[in-house]
Structures are given as C-alpha cells and as structure tokens.
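Have a look at the structure below, then the notes.
2 protein chains.
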Amino acid sequence: MSASPECVEIQLGERSYPILIGSDLLGDPTHVDAVPAAATALIVTNTTVAPLYGEALRRTLAGRFRAVHLLELPDGETHKDWPTLNLIFDALLSHGCDRKTVLFALGGGVVGDMTGFAAASYMRGVPFVQVPTTLLAQVDSSVGGKTAINHPLGKNMIGAFYQPRLVLCDLSTLATLPPRELSAGLAEIIKYGPIYDMAFFDWIEANVEALVGRDPAALAHAVRRSCEIKAAVVGQDERETGLRAILNFGHTFGHAIEAGMGYGRWLHGEAVGCGMVMAAHLSQRLGGVDAAFVQRLSALVERAGLPVTAPALGAERYLELMRIDKKSEAGEIRFVVIDKPGSAVMRSAPDAIVREVLAQCCVD
Amino acid sequence: MSASPECVEIQLGERSYPILIGSDLLGDPTHVDAVPAAATALIVTNTTVAPLYGEALRRTLAGRFRAVHLLELPDGETHKDWPTLNLIFDALLSHGCDRKTVLFALGGGVVGDMTGFAAASYMRGVPFVQVPTTLLAQVDSSVGGKTAINHPLGKNMIGAFYQPRLVLCDLSTLATLPPRELSAGLAEIIKYGPIYDMAFFDWIEANVEALVGRDPAALAHAVRRSCEIKAAVVGQDERETGLRAILNFGHTFGHAIEAGMGYGRWLHGEAVGCGMVMAAHLSQRLGGVDAAFVQRLSALVERAGLPVTAPALGAERYLELMRIDKKSEAGEIRFVVIDKPGSAVMRSAPDAIVREVLAQCCVD
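Structural data, given as structure tokens:
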C-alpha cells in the first residue's frame, strides 16, 4: 500500500479527470477504482517498459477486469506511425475488445500519444488511462488530451484531442529512466517558467542539480507544479484556440530539429530544450526579453544536460520544416515568444530575423 | 441561381449545422457563405464523381478560397482503408494546408466517411463540409458526424464522431446515380419507417415506384423526411450511448454480409436491405412484430430493387462476424429489433434463435 498520492484535477466539465502523483502507485489497485468498469483492459507499452512494469500493472488490474491483455510496441519516436498504431487496433480486434474496453498507456510520450489516439479512434472512442513512466510524459504529454502520430512530412500531424479518464504518475518509475531521458523531461519542466511562472523558474534554477540527481522530493515538486500549470492552461483552452499554444514554447524550432535530423536522433525533450534557447533569442530580437534572460535560460537548459546549440540543417530547410508546423497559417510561421519573463504570446516574425536566430544558434 | 433550398437543422449546441436540400445547389456560391473563411480548401472526391461534379464545386469555391485543391480517391468500399485515407493527409501536407483549411467531401458514403475522419484527425481537427452525391449519403451517412475507415477484421472500426459544418444535399446529382446505388439508398430510407415513423413507411410503400423512377418531388420528400428523423435522433444522442443505436437496424446482419462477402461485393445499402429483413424475422421471433409485418417489410425491400435473401456464409461465420460488431459487449451480440412497428430497441438474442433466422433467410 503506497502513501496517499497528491491529486491535481484537470477541470474540463464532463471530461474532467484527476492526475495522481506519488510513489509506488502502479501496484495499488485502489488507484484505479474510478476507472469505468469493463470486461477487458489492454495495456499498451513498449519493449523497454514492459519487462520493468508490465506485470505489476497487469496484476493491479486483474481484480477489476475479467481479461487484461498486454501489447508491446517497438520503442522510439521512429515507430510513432500508422503501422505501429495499427498493431493496437489489431490487438483490440483479435482480443474481441468492445466499446467499453479500457486502454492503459504504460510508457513515455510515444506510447501515450499512440495509445490515446487509438482510444480516440477505436469504435469511435473507448476510455483510456495514462500511466506515464518518463519524466517528460509525467509533466507534459500525458496530461491534457493531445494524442497523435507522426506523418513523414510533419510531427504529430494526425491525431485527436481526447482526454484520458485518469493519469497515474508513479514517481518510482523514474528510478529506471536513462539519464538522457531524464534531461529530456527537464526541458518541459523548465518550459513552464518563461511562459507562465518565473517563481517556478527560480526554484528550478536552485534545484536543477537535485533534479538531475533524482532527488525524490525535488522531482515530486517539479512534477506537481508542472501538472498544476498545465491543468490551469488546458482547463482554459482545451482545443488550443488561443492560450494553450504557449505550451509549445520551443516546439516550433524543436519539431524542425526532430524532423530534420530524422525522428529519434534527437529526443523530443532535447529538441525542445535547444528550441527554447532559439525561441528566447527570437524573443530578444522581438523586444520581449533582454540578453541576460536569454543567457539565464540557456545556462539552465545546459545544466539540465540538454543541448543548446542547434544542428546545421541550413536556414532554408529550417524555414521549410517550420512552415508545416500546426501553428502556421496561410504559409506564415507562428512562434511562441516571451513577451516578458513569465508570459508568452504567439506571433509571426520576419524571415530575416528568423535567419539571424538560426545563424546565431546553429553549429557550423 | 437555384431555387431556395429546404433546410433541416442538426441541433447539437455549438456543433449545430444545417442540411440544405434542393436542386442545383453545387453551382451556387451563396450556399457556402456560412463555411468558415480560410486560405485553402481541399475537395476530396473519387474517380467516378470527379468528372461529373468536381469542376462545378471547384468553381463555386474559387471565390471564397485563395486555393482550391482537388483529390481523387479510388472508388469503392474496398478502398475505405488506411492507405487511401493517407492519400488525403499526403495531399493536405503537400499543399501546405493548415488548421483552418476546409475539407469538402464530394461523393458517397465512402468519400464522406473517409474525408470526415481525415478532417477529424488532420492537425487534430479541421472544418469539413459534406456534399453527398448518392442517395444513401444524402439520407444517412453524411448526416450526424459518424466517420470511419474499415479494418480487415471489422467495418467502420476506426473513426471518430466529428460533425461537419454544413451538409449540401444537391438532389440534381441523383440523376447520374447508377440504379443499383439508387436502390442502396432506398434501403436507408425504408429503415426510418419500422424504427421511428410508420406513417413515413406507408408513404414509401405508396411511392416506391416513383422513387425508383427518380421522380424529383418524391426524392425530395424522402430525403427531407429521412434527414428530419436522423436529425431528431442524433440531436438526442450524438455519441450513440442509447437511442442513436436504433439507426443501425439491419446493420448487424448487414455488416456481417459485407465483411463476409468481401468489402464491395455487396453495396452497403444492399446488405442493409437484406439485413433489415433478417432483423425483422428476428423481431418476430422475439415477439415484437407479426409475420404480416415481416412480409410487408420484405416486399417493400424487394420492390426497392434490393436483395431479400442472404448469402450462405454459414451460421458460425455469421455469428463470428457479428460478435465483432461495435454494439457487442463482452462478446454478446446486440441487435436492433422492432418491439412494435415504428419503434426499435437494442437487445441480445439467444444464439439458437439467431441460427433459426439465418437458416430461414440464407440461400442454400
């Protein structure tokens, strides 16, 4: 029996749900009491996470569902595509899963995004639960209902807004996370500072070594505060018609790096870390922040173990990749920029200025 | 300039939209005035419909969108699959379409279902308009927001509830419909009688030859009344948690015929026509209607040019196929049956009774 977890609530009317944050949650059946009853459950995970936590979750669910199936997907961003998504549909249909079957996404952002989109689409929608096992998924991707797969021409281009019924953030799973993945998660935590909460940014600056060292109390605070901010933003703008776009700070440049390098070469969080530095430079050129702020953000990203120098894809390639970003309109790239520390807005920028930022941030 | 069309409204709060029904609507730009403004539109159609109406719709939209692209999909239910759906995403991305791009589904149910699902999923949702050119699509599939593609193991298994912004039912397009397709549409019109409105059933009985003969006034009445009934049902239960399931009368048997014969061998409407006769027999055995009612429905289906004898797939194969129907729960098949003429309910039935129905309805 685990200690009582903390709870952050996502307020979306009839689509509201809790995020439970704590240690040793996976093995405690009481935490899934609120999940809708059904004959079957399908745990979707990957070949890396399954041996670590697959059986524990299966045992936890065995008392609640007559049949609990487990599907292992190949691991990695390169597999966030249709053929892999279709493995989930194949499993659901071959196990005779019906409209009430509950899907459990056990893993990182790729597993969560694909399982969520499968849940949104199978029989036009079945319930699902996020069980994020990476820091990035716990502080960002498992919360808020964005689901998607990649298209060869663009990241997360095919998907749905579809909310889970529950998010179970088991902090104990972070113990097995590779260091590179931990740093990738820190990128999305750092993000919440410049766009929303500079006091949290100060706290991260003071605690980044504790976070990198996996201090449990530091990680617990970082996950909870990140989820609170994300819940506040998503609760105001579920479908990203306005405010929610600020959560994409660093993502326009970051997606271009991911796609341009080939999915999986850079982790999503690494690309976002570097992308935030680039977006900070752009914000400075547009007058929102000063050089000292850019330097401060860049230093923190670097201390978190993340890259701060962008790959030299060439300015034309960057511009081409960024033009097919989801925030673009009528071919015009729209960036999330900091208009003052702790506040972000979405706006376009002259290509000439973007080229200057690229020249400044890319390695030769 | 066409005569002013009739309008049936689908009432779904902020997702409400009009169905416009009339002649020569395609060529009149005033009917798309209410469609959200955007830089680009993509007309999705197929190789059969494109030469007939593609250019007319493109001209109509040219004044409202800076760029109007047209994509021709291969024709037929066999292509209602992922590779064909992906052609839509390829076109959207290669044309630089953004979150505001409007999709127009110009064609029958297959084009409408696939375009709707593409619109639901592209960048997590863009606006779309249904422009149904078959009778079946005008009276059923284009209305109500069900979108989907088939999976090899089951029909319409992957999809979304996603409402269009407008349905443009141009009755003039029915002039070019092959007779087999016209009959297929009549199946879904006949359906509304036993489940909801026996007065309409009486009217169809009295007018079925006029409908088969494409009498414009008869078709206009049948389309309007069908849309009214569908709007009333969908308005009460958008996501099919209850009442809406009655619209699947004949579809459990019908989907089994379609999948069992191989998609495309039987038209969807043909399978539904025959499936309604089978479901009527089942309803009789369960005590909802008498033999005279079954005979009356069967005669009308036959007069509409539809098959009333089911293919001999074997009882086991039927049961296997019907168990993966979306209405099944925990492996139990659930049928829409008539509990009294003009009223339908969903219920399970003992396999033994279903076997009797199959023995009675299948050709040797």
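Chains A and B, in that order, give the protein sequences. Everything in the first sequence is counted per the working numbering, starting at 1 for the first residue and increasing by one. Everything in the second sequence is counted per the working numbering, starting at 1 for the first residue and increasing by one. Backbone N, C-alpha and C fix where the C-beta goes; we use that ideal spot for every residue, glycine too.
Taking residue 326 (chain A) as reference, the option from B:30, B:125, B:77 with the minimal CA-CA separation is B:125. Sequence-distant Cβ neighbours of residue 218 (chain A) in its own chain, meaning closer than 6 Å and more than five residues away, are 207, 210, 211.
The beta carbon of residue 143 (chain B) sits closer than 8 Å to the beta carbons of 10, 19, 130, 167, 227, 230, 231, 234 from its chain, once the five residues preceding and following it are set aside; these are given in chain order. For residue 148 (chain B), the enclosing beta strand (DSSP E) covers residues 146-151. The beta carbon of residue 101 (chain B) sits closer than 6 Å to those of 38, 40, 126, all from its chain and outside the five residues before and after it, given in chain order. Of B:116, B:245, B:77, B:170, the smallest CA-CA separation from residue 32 (chain B) is found for B:170.
The residue among A:147, A:335, A:331 with its C-alpha nearest the C-alpha of residue 238 (chain A) is A:147. Proximity of residue 99 (chain B) to chain A, defined by a Cβ-Cβ separation below 8 Å, is satisfied.
Nearest in C-alpha terms to residue 328 (chain B), of all of A:89, A:96, A:260, A:324, is A:96. Between the C-alpha atoms of residue 14 (chain B) and residue 187 (chain B) there is a straight-line separation of about 31 Å. Contact annotation: in the region 235-248 of chain B, residues whose CB is within less than 9 Å of a CB in chain A are 239, 240. Around the C-beta of residue 149 (chain B), 16 or more other C-beta atoms lie within 10 Å, and the residue is accordingly described as buried. In the three-state reduction of the DSSP assignment, residue 58 (chain B) falls in the helix class, which pools H, G and I. Here residue 69 (chain B) is bridged, per DSSP, to B:42. Contact with chain A is absent for residue 10 (chain B), since none of that chain's Cβ atoms lies less than 8 Å from the residue's Cβ. Residue 338 (chain A) counts as buried, since at least 16 other C-beta atoms from the protein chains shown sit within 10 angstroms of its C-beta. Within the model, the alpha-carbon separation for residue 139 (chain B) versus residue 275 (chain B) is close to 18 Å. For residue 130 (chain A), there is no enclosing alpha helix (DSSP H); the residue is found in the beta strand (DSSP E) stretching over 128-132. Residue 18 (chain B) sits in a strand when the DSSP states are folded into three classes. Taking each of A:59, A:345, A:321, A:197 in turn and checking the Cα distance to residue 252 (chain A), the smallest one comes out for A:321.
With respect to residue 77 (chain A), residue 255 (chain A) sits apart: the two C-beta atoms are not nearer than 8 Å.
Among the residues of the region 107-132 of chain B, those with a Cβ less than 9 Å away from any Cβ of chain A are 117, 118, 120, 121, 122, 123, 124, 125, in the order of the chain. In the three-state reduction of the DSSP assignment, residue 159 (chain A) falls in the strand class. For residue 260 (chain B), no beta strand (DSSP E) segment is defined; the enclosing uninterrupted segment is the alpha helix (DSSP H) at 251-261.
In this structure, DSSP gives residue 276 (chain A) a helical state, which the three-state scheme calls helix. Under the Cβ criterion of 8 Å, residue 328 (chain A) is counted among the residues facing chain B. Apart from the 5 residues on each side of it in sequence, residue 6 (chain A) sits with its Cβ closer than 8 Å to the Cβ of 20, 21, 22, 220, 224 in its chain, given in chain order. One finds 124 in chain A with Cβ atoms closer than 8 Å to the Cβ of residue 148 (chain B), taken in chain order.
Between residue 93 (chain B) and chain A, the shortest Cβ-Cβ separation is below 8 Å. In this model, residue 42 (chain A) and residue 162 (chain A) are separated by some 17 Å (Cα to Cα). Closest in C-alpha terms to residue 118 (chain A), from the list A:145, A:94, A:89, comes A:89. Residue 46 (chain B) does not reach chain A, its nearest Cβ partner there being about 21 Å away, counting only Cβ pairs nearer than 9 Å. Taken in chain order, the complete beta strand (DSSP E) segments of 3 residues or longer contained in the region 98-128 of chain A are 102-107. In the pairwise beta carbon analysis, the region 174-192 of chain B is classified as not touching the region 256-265 of chain B: fewer than three pairs are separated by under 8 Å. Going by DSSP, residue 247 (chain A) is part of no alpha helix (DSSP H) at all; its letter is neither H nor E.
At a C-beta separation below 8 Å, residue 89 (chain A) has these neighbours in chain B: 151, 157, 158.
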